[in-house]
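In this note's numbering, the protein residues as written are 92 to 333. Worksheet: one structure, shown below.
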Amino acid sequence: MSDLEILVTGASKGIGRGIATHLAESGFKVLIHYGRDEAGALETKKIIEDAGGKAAIIGFDVANREEVKSKLEAYMAENSAFYGIVCNAGIAKDAAFPGMTDEDWDQVIDTNLNGFYNVLRPCVMEMIRRRKPGRIVTMSSVSGVAGNRGQVNYSASKGAIIAATKALSLELAKRKITVNCVAPGLIDTGMISDEIWSHAKAMVPMQRMGDVREVSSVVNFLMSEEASYITRQVISVNGGMI
92 MSDLEILVTG ASKGIGRGIA THLAESGFKV LIHYGRDEAG ALETKKIIED AGGKAAIIGF
152 DVANREEVKS KLEAYMAENS AFYGIVCNAG IAKDAAFPGM TDEDWDQVID TNLNGFYNVL
212 RPCVMEMIRR RKPGRIVTMS SVSGVAGNRG QVNYSASKGA IIAATKALSL ELAKRKITVN
272 CVAPGLIDTG MISDEIWSHA KAMVPMQRMG DVREVSSVVN FLMSEEASYI TRQVISVNGG
332 MI
């Protein structure tokens with residue numbers, strides 16, 4: 092599989108890093124994207140290469156359409172179209188709706204939703220031109236499926252990702268390019284405080300946070316040949332929250 096390359100956005104740390112390293116373990120070459128955290132991207136690359144995998148890094152702001160287009164078109168011209176793309180980059184700026192600022196709303200929508208368009212728009216036609224099977228996986232959230240108080244902006248962006256994923260899957264199905272969505276719940280990335288978890292635990296029937304590997308395993312499967320008949324699906328990894 093080493094000639095098949097997958098772009099993973101937001102792969103400097105957390106779930107994105109877990110996805111990137113897992114895909115590399117499966118033999119894919121991984122293009123590690125970062126927004127600001129180049130050091131984190133380089134660490135992800137080192138982890139992959141130390142384990143015998145292949146990786147490269149690329150930096151751009153997913154909310155900056157022209158920058159994304161320029162960087163990705165240049166990369167594909169020098170290399171080739173991607174076999175797969177994982178749209179993982181995202182941010183949260185939580186606030187009760189009456190106290191939410193215009194900036195809170197715009198930044199989350201620009202990054203999480205417009206980032207989906209900005210990244211995939213330059214890449215999809217090149218994937219079609221490969222005339223071979225391909226894979227796209229988007230990352231939503233339990234908040235995108237069910238909504239969450241204090242996250243109207245985040246829930247809106249992640250809910251829209253689900254709708255966009257389903258629509259795009261219909262356009263690409265005949266091209267043998269599958270498009271699916273993974274919606275994690277509370278995942279232990281070291282960023283959830285004990286206080287937050289103590290309040291959230293009651294919502295999780297399994298009474299624990301998920302592990303990054305439990306998310307990356309789903310993405311890894313969706314990227315595989317065995318998942319060739321799975322498209323237009325939203326797969327929740329949330330311990331039974333919804």
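Where is the CB? At the ideal position from N, CA and C, for every residue including glycine.
From residue i to residue j, what distance separates their C-alpha atoms?
| i | j | result |
| --- | --- | --- |
| T192 | K137 | 39 Å |
| L277 | S171 | 36 Å |
| K162 | H290 | 42 Å |
| K184 | R266 | 37 Å |
| V295 | R220 | 43 Å |
| E158 | E134 | 24 Å |
| K345 | N155 | In the structure as shown, the chain starts at 92 and stops at 333, and residue 345 therefore has no counterpart that could be examined. |
| I106 | T280 | 7 Å |
| A115 | S327 | 23 Å |
| G190 | N239 | 15 Å |
| C178 | I110 | 11 Å |
| Y166 | A102 | 17 Å |
| P213 | A274 | 24 Å |
| G241 | M282 | 17 Å |
| G225 | I268 | 4 Å |
| S306 | I148 | Reading off the sequence, residue 306 comes out as Val, not Ser. Approximately 22 Å between the Cα atoms of the pair. |
| S308 | D195 | 32 Å |
| G175 | L98 | 6 Å |
Take the Cβ of residue i as the centre, count every other Cβ of all protein chains shown within 10 Å, and call the residue buried at 16 or more, exposed below.
| i | result |
| --- | --- |
| I227 | buried |
| Y320 | exposed |
| A180 | buried |
| H124 | buried |
| F188 | exposed |
| A146 | buried |
| M218 | buried |
| E96 | buried |
| I287 | exposed |
Tell me where the alpha helix (DSSP H) around residue i begins and ends.
| i | result |
| --- | --- |
| A146 | It is not in any alpha helix (DSSP H) - A146 instead sits in the beta strand (DSSP E) that spans 146-150. |
| V159 | 156-169 |
| K257 | 243-263 |
| M216 | 205-220 |
Going by DSSP, what residues sit across from residue i in a beta bridge?
| i | result |
| --- | --- |
| K120 | E96 |
| M230 | V273 |
| D279 | D302 |
| G225 | I268 |
| I138 | I138 pairs with nothing; no bridge assigned. |
| Y125 | G150 |
Starting from the C-beta of residue i, find all residues in its chain whose C-beta is less than 8 Å away, skip the five residues before and the five after it, and write them out in chain order.
| i | result |
| --- | --- |
| S117 | M92, N311, M314, S315 |
| D201 | A154 |
| M216 | none |
Enumerate in chain order the residues of its own chain whose CB-to-CB distance from residue i is below 6 Å, with the five nearest sequence positions on each side excluded.
| i | result |
| --- | --- |
| N203 | G181, S248 |
| S260 | V270, T322, R323 |
| C272 | T229, S231, I253, T256, V325 |
Tell me where the beta strand (DSSP E) around residue i begins and ends.
| i | result |
| --- | --- |
| G175 | 175-178 |
| S327 | 325-328 |
Considering only residues of the same chain and omitting the five flanking positions on each side of residue i, which have a CB-CB separation below 7 Å?
| i | result |
| --- | --- |
| G330 | G276, V295, P296, M297, R299, G301 |
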